[in-house]
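Read through the structure below, which is laid out as structure tokens, and then see the notes.
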């Protein structure tokens with residue numbers, strides 16, 4: 057695949073309309089990075105405050121809104137759990153999240169989400185790309201779009217990290233036409249990227265020599281035939297070298313023991329701590345997933361298990377980002393592909409339900425300690441402030457200062473960042 | 129106790145069914161055989177008169193779902209346990225019972241309760257991994273038993289009263305000395321536990337415990353073959369332990385009962401073990417003898433069943449169902 061640069065510059069990929077909205081107003085100098093950002097002691101508070109980042113908590117399978125952000129105790133759909141007060145008077149959440157309840161003053165709950173898609177795959181596509189899945193086009197996920205918007209051009213390490221409960225490493229295919237540079241690099245079970253250790257049979261000196269030789273050949277080739285693909289090719293090599301040199305960036309064991317204790321001695325606790333580390337090191341986009349919430353059977357038992365882990369890890373994460381002043385510059389998103397049915401089935405389960413569920417956001421332009429939208433008494437429909445996947449996609453981008461109405465230039469064709477027929481949730485954007 | 133002459137599980141037939149307003153979770157028959165009490169997916173206890181089905185709703189005792197029930201031996205008091213962590217005492221035969229007392233028994237759900245044979249003690253197990261023994265008369269805490277590493281799914285007193293058994297999510301059964309509160313020994317019921325790494329959950333657990341009246345067997349029930357916990361793809365399983373040796377003498381399987389869970393086990397006077405199971409869209413009473421792995425009879429119930437209790441007459445069985453009904457099945461030929 058050859059991708060034509062529209063303007064033959066390093067600013068390629070920018071459409072004729074301004075790519076950065078409020079970010080541009082703040083000055084693109086605010087988007088800094090590179091290896092300097094990986095030496096934590098050198099990261100100025102200014103940078104921490106202004107470098108925008110997104111962290112996505114992806115609750116695989118469909119977190120129940122009734123057992124989390126929109127409880128309906130005492131109703132036919134409410135289930136056995138009670139609503140508990142939070143740090144914000146008047147806002148209650150499920151009793152399975154007592155620690156998170158104490159961080160509510162940092163959070164914004166969008167309780168009127170209707171994405172109208174109850175299939176796992178299609179639901180995920182909608183939530184992650186802001187568009188319905190069609191055979192005609194493959195769209196980049198929010199992480200890739202955000203990485204392209206927020207990642208400095210000279211950023212050497214992966215700008216889009218995906219932390220998964222299992223699996224291996226390597227690049228994902230979530231960037232679509234944006235190209236592999238913005239696709240997520242997977243850290244399976246929080247381990248560093250694969251193949252980032254120099255084999256014992258190759259010395260540092262011989263490796264440096266062969267890299268120099270590669271660069272020499274590349275430069276000769278690029279002087280006449282430079283394309284986006286050749287750039288991506290060279291970029292991959294240089295990034296791999298940086299990964300090898302800075303492998304300890306991914307080493308969560310370097311975080312303090314007391315934080316491991318606080319976040320919980322389980323995979324999600326470790327992954328959340330790694331996400332904090334990556335954000336502090338300047339990674340623009342981090343996504344971590346918690347598996348699994350597809351609880352057609354014994355929904356309540358399984359939510360006790362899963363939310364026990366989530367509550368501890370997530371509350372510490374929010375608290376730490378707030379304490380470190382990072383919520384000003386970091387957007388936290390928590391979503392699933394959908395919610396779960398208000399109706400409780402014969403096996404104490406809840407099934408797929410996309411018509412009235414909740415998404416959590418915090419940080420950047422999000423209001424603190426707020427809710428938006430409302431469902432009816434037993435949670436079967438949205439009665440106020442209904443939003444969908446497209447509204448949310450616009451909102452995520454706007455929250456970190458990206459003009460979601462702008463377009464990418466893909467081979468000379470303008471491709472809108474977000475569904476142009478939709479709009480952000482203006483009411484919650486500060 | 130000798131078996132009633134009419135007892136014949138193969139002649140089991142439904143004799144009554146009574147409806148509440150919400151799906152039922154639990155049921156117990158009082159020791160005098162006058163009422164069946166039900167816990168349900170709301171915050172009330174329902175009482176049905178066994179002779180005519182008259183329903184009385186017992187309110188204000190709990191904040192959320194009622195999952196466990198027990199009686200003092202003389203039957204004067206019913207005790208309910210709920211997902212609010214409370215246990216609440218009621219006068220069994222009052223016209224409209226009101227809470228006599230409520231005790232904060234566990235942090236998290238109360239999942240199981242049992243009364244000791246002389247009716248002076250009530251044991252509870254909960255989501256705080258604790259087992260507690262209470263004075264059935266005044267609600268005071270008598271023993272606090274710690275050591276489980278998972279939610280307590282079942283508690284049952286030994287028929288001679290000196291021991292208490294407790295089973296947890298992880299497939300561990302502990303035997304406790306009631307008088308001292310000391311752990312006596314552990315039974316390995318791991319086949320009832322599944323860890324599914326892909327879904328990231330522990331599943332199954334010891335959902336039912338029952339010691340045979342002669343003290344020879346300990347039955348532990350739950351599920352196995354859990355290939356997909358989130359879809360409930362599993363089958364009921366009962367492990368029959370030799371009380372003396374702790375060896376699994378029998379694995380009672382239930383071929384053909386898809387998506388089933390053995391929710392409760394009781395022993396009939398003739399040595400038959402009865403289990404109640406849910407299924408795809410039905411309930412099931414299953415009957416086993418200790419000398420055979422497979423059930424010798426099964427009786428289908430109209431809706432998913434979640435709990436069961438045996439009438440003092442040894443012939444009637446009450447079951448709690450998802451379709452909001454309590455049903456009475458008679459284990460004898462139709463009159």
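Residue numbers (the working numbering), protein chains in the order written: chain A, 57 to 486; chain B, 129 to 463. Backbone N, C-alpha and C fix where the C-beta goes; we use that ideal spot for every residue, glycine too. Because the structure is a prediction, the values reported are computed rather than measured.
Using three-state DSSP, classify residue i as helix, strand or coil.
i                      : result
residue 470 of chain A : strand
residue 425 of chain A : coil
residue 404 of chain A : coil
residue 163 of chain B : strand
residue 417 of chain B : coil
residue 317 of chain A : helix
residue 78 of chain A  : Low confidence applies to residue 78 of chain A: its pLDDT is 29, below 50, so where it sits in the model is not reliable, and the reading given next is rough at best. Of the three classes helix, strand and coil, the one that applies to residue 78 of chain A here is helix, per DSSP.
residue 153 of chain B : strand
residue 241 of chain B : strand
residue 327 of chain B : coil
residue 424 of chain B : coil
residue 244 of chain A : strand
residue 160 of chain A : helix
residue 450 of chain B : coil
residue 147 of chain B : strand
residue 460 of chain A : coil
residue 90 of chain A  : Unreliable placement is indicated for residue 90 of chain A, whose pLDDT of 30 sits below 50; no coordinate value is reported for it.
residue 381 of chain B : strand
residue 366 of chain A : helix
residue 181 of chain A : helix
residue 250 of chain B : strand
residue 168 of chain B : strand
residue 95 of chain A  : With a pLDDT of only 31 at residue 95 of chain A, under 50, the local geometry of the prediction cannot be trusted, and the value read off the model is given with reservation. Three-state result, residue 95 of chain A: coil.
residue 347 of chain B : strand
residue 356 of chain B : strand
residue 364 of chain B : strand
residue 484 of chain A : helix
residue 476 of chain A : coil
residue 168 of chain A : strand
residue 121 of chain A : coil
residue 302 of chain A : coil
I'd like to check one pair, residue j with residue i: are the Cβ atoms closer than 7 Å?
i                      : j                      : result
residue 328 of chain B : residue 298 of chain B : no
residue 446 of chain B : residue 406 of chain B : no
residue 393 of chain B : residue 403 of chain B : yes
residue 332 of chain B : residue 350 of chain B : yes
residue 228 of chain B : residue 194 of chain B : no
residue 442 of chain B : residue 132 of chain B : yes
residue 252 of chain B : residue 238 of chain B : yes
residue 307 of chain A : residue 153 of chain A : no
residue 139 of chain A : residue 359 of chain A : no
residue 9 of chain A   : residue 186 of chain A : Given a span of 57 to 486 for chain A in the structure shown, any question on residue 9 of chain A remains unanswerable.
residue 460 of chain B : residue 139 of chain B : yes
According to DSSP, which residues form a beta bridge with residue i?
i                      : result
residue 183 of chain B : B:176
residue 515 of chain A : Only positions 57 to 486 of chain A appear in the structure, and residue 515 of chain A is not among them; the question remains open.
residue 174 of chain A : Residue 174 of chain A is not bridged to any residue.
residue 272 of chain A : Answer is none; residue 272 of chain A lacks a bridge partner.
residue 108 of chain A : In the DSSP output, where bridge partners are listed per residue, residue 108 of chain A has none listed.
residue 472 of chain B : With chain B covering only 129 through 463, there is no way to say anything about residue 472 of chain B.
residue 357 of chain A : BP columns for residue 357 of chain A are empty, so no partner.
residue 457 of chain B : B:142, B:445
Quick one: is the Cβ of residue i within less than 6 Å of any heavy atom of the ligand NAD?
i                      : result
residue 385 of chain B : What this structure holds is no ligand at all, so the ligand NAD is not there to describe.
In chain B, which residues lie with their C-beta within 9 Å of the C-beta of residue i?
i                      : result
residue 130 of chain A : 170, 171, 191, 192
residue 360 of chain A : 236, 237, 255, 279
If the cut is a Cβ gap below 8 Å, which residues of chain B does residue i touch?
i                      : result
residue 156 of chain A : Those do not exist, as residue 156 of chain A stays about 17 Å from chain B at its closest Cβ, beyond 8 Å.
residue 348 of chain A : 326, 327, 328, 329, 358
residue 221 of chain A : 328
Taking C-beta pairs closer than 9 Å, name the residues in chain A that residue i reaches, listed in chain order.
i                      : result
residue 406 of chain B : 402, 403
residue 150 of chain B : 132
Is any beta-carbon of chain D found at less than 7 Å from that of residue i?
i                      : result
residue 138 of chain A : You won't find chain D in this structure, because its protein chains are A and B.
Taking residue i as the query, report the chain B residues whose CB atoms sit under 7 Å from its CB, ordered along the chain.
i                      : result
residue 351 of chain A : 358
For a contact meaning CB atoms closer than 7 Å, what does residue i contact in chain A?
i                      : result
residue 450 of chain B : 402
Below 8 Å on C-beta distance, what does residue i contact in chain A?
i                      : result
residue 211 of chain B : 136, 137
Sequence ranges, beta strand (DSSP E) only - wholly within the stretch 186-221 of chain B, length at least 3: Fully enclosed beta strand (DSSP E) runs of 3 or longer: 194-199, 205-210, 214-219.
Complete runs of the beta strand (DSSP E) confined to the stretch 220-268 of chain A [at least 3 residues]: Complete beta strand (DSSP E) runs here, min 3: 241-244.
Completely contained beta strand (DSSP E) runs for the stretch 271-343 of chain B, where each covers 3 or more residues: Runs found: 280-285, 291-296, 300-305, 311-316, 321-324, 329-332, 336-339.
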